[in-house]
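Student: Take a look at the following structure, please.
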Amino acid sequence: MADTNKKRKKITDFFNTNTLIVFNKLIKNCVWGLFIFNLLLVFLYIMGNFNNFLDETQLLILNVLSISSILQVFLSLIKLLENLIYIFFTKSKVIRFFSILLTVLLLVIGVFFVIYATIIRELALGITLYE
């Protein structure tokens, strides 16, 4: 009887919001870090256009931007799912609501960066018509 109570306690402790707070902060910091990194890459690409960077360097910047933006979108989706789960377990629904709004904003910006990098990269490589 005591063993089953210990197992239940371990399971409920795992789903306790206090034990998952480290994962919450880790995902949040990764999403914001990738957002800042993507902004720096866009700034570097724009400055590279004015300073006549090599074409290969510009394509490398666009490739890194698209990969990091895809990672930002993926982590933003995880953060959004996590916030939706936390809404049911916590009492502070207003803070989670604003966190969901910021996460959706970062998700949309990440998708925009992916589309931007892909379109510019395809234009830089040349548009080929398939016959």
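The opening position of the sequence shown corresponds to residue 1033 in the numbering used here, with each subsequent residue numbered one higher.
Backbone N, C-alpha and C fix where the C-beta goes; we use that ideal spot for every residue, glycine too.
Fair warning: this is a prediction, and the values are worked out from it, not measured in the lab.
What's the gap between the Cα of F1145 and the Cα of N1115?
Tutor: If I take the Cα positions, the gap works out to 23 Å.
Student: For F1106, which residues of its own chain have a beta-carbon under 7 Å away from its beta-carbon, when the five flanking residues on both sides are left out?
Tutor: The answer is none, since no qualifying residue turns up.
Student: From L1133 to L1072, what does the alpha carbon distance come to, in whole angstroms?
Tutor: Cα-Cα distance, rounded: 23 Å.
Student: So A1149 and S1101 are supposed to be a Cβ contact under 8 Å. How far apart are they, rounded?
Tutor: Their Cβ separation, rounded to whole angstroms, is 6 Å, which keeps A1149 and S1101 in contact under 8 Å.
Student: In or out: A1054 buried (at least 16 other Cβ within 10 Å) or exposed?
Tutor: Position check: residue 1054 holds Val in this sequence, whereas Ala was assumed. Exposed: under 16 other Cβ atoms inside 10 Å.
Student: Is it buried or exposed for N1061, if we count other Cβ within 10 angstroms and need 16 for buried?
Tutor: Result: exposed.
Student: In whole angstroms, what separates the C-alpha of L1097 from that of N1070?
Tutor: Roughly 6 Å separates the two Cα atoms.
Student: State buried or exposed for I1099, treating a residue as buried only when at least 16 other CB atoms are found within 10 Å of its CB.
Tutor: Answer is exposed; the Cβ neighbour count stays below 16.
Student: Where does T1122 fall in DSSP's three states?
Tutor: Note: T1122 maps to coil in three-state DSSP.
Student: With distance defined between alpha-carbon atoms, name the residue in T1135, N1081, F1120, F1075 nearest to I1110.
Tutor: With distances taken between Cα atoms, I1110 lies closest to T1135.
Student: Go through its chain and collect everything with a Cβ distance to G1158's Cβ below 6 Å, but skip five positions before and after it.
Tutor: So the list is empty, once near-sequence residues are dropped.
Student: With H, G and I counted as helix, E and B as strand and the rest as coil, what does DSSP make of E1163?
Tutor: Residue placement at E1163 is poorly supported in this model, since its pLDDT is 49, which falls under 50; the coordinates still yield a value, given next. E1163 falls in the coil class under three-state DSSP.
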